[in-house]
Every structure is written in structure tokens, then in C-alpha cells.
Amino acid sequence: MANSDLKISDLDEHAVMGAVPGGIKCGRLPEATIREDLPTILEKFNLLHEGKLNNASAVLFGRDFYYYPQCLLRLACFKGTTILV
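For what it's worth, this note's numbering labels the leading residue of the sequence shown as 9, then goes sequentially.
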């Protein structure tokens, strides 16, 4: 879903560029992608549409994690191999 409050400057460019070689290696991105600008790469990742970033771009590459409660993770640690006390 598009998020009009997000700007490309809110994203970690190094994290985006770090994901490009993996996309190339898996065959999901052409090799020329490594030389393209950030907006073009985001479009290829389907994170930028008509100049607007979507929420996935913030979750994947955001500098400051925005409040997305659906992305929170809860963990529990148990002593032993069962949950019995």
C-alpha cells in the first residue's frame, strides 16, 4: 500500500544496494541493475510506484522503523524442551 509520508531519504540506501547483488544472483534482477539509481532499483523491487513508496519499503529498508504493529514479533523462552512448569 502506498504511503505518501515516506520519502526515499527515509530509506537506508546501503541496505537497498546490499540487496541488489542477491537479486542479481537469484536471477530476479538484470546485472545492469547494480549501476542504476536508487529510484529505479526501488521500482524493480516493486517498492516505488508512480513516485510513491509503499509500506514494504519502510519495513524492509527504513532507517528508523516506523510504527507497524503487524511487524512486531513476540518471543518466549522456556527452560527445557516443554512448556510445562
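Yeah, the Cβ is synthetic: ideal placement off N, Cα and C, and Gly gets one too. Bear in mind that the values here come from a model prediction, so they are computed numbers and not experimental data.
With three or more C-beta pairs closer than 8 angstroms as the rule, is the region 48 to 62 touching the region 15 to 27?
yes
Please look up how many angstroms separate the CB atoms of Ser12 and Lys87, rounded, as I've assumed it's under 8 angstroms.
Contact doesn't hold; Cβ gap of about 48 angstroms is too wide.
Selection from Gly35, Gly31, Ser65 and Leu81 that minimises the alpha carbon distance to Ser17
Ser65
Take Asn63 and list the residues in its own chain whose beta-carbon comes closer than 6 angstroms to its own, dropping the five residues that flank it on each side.
Met9 and Asn11
Leu55 burial status per 10 Å Cβ neighbour count (16 or more: buried):
buried
Distance between Leu81 and His57 (C-alpha atoms, nearest Å):
28 angstroms
Run through DSSP, which three-state label would Lys87 get?
coil
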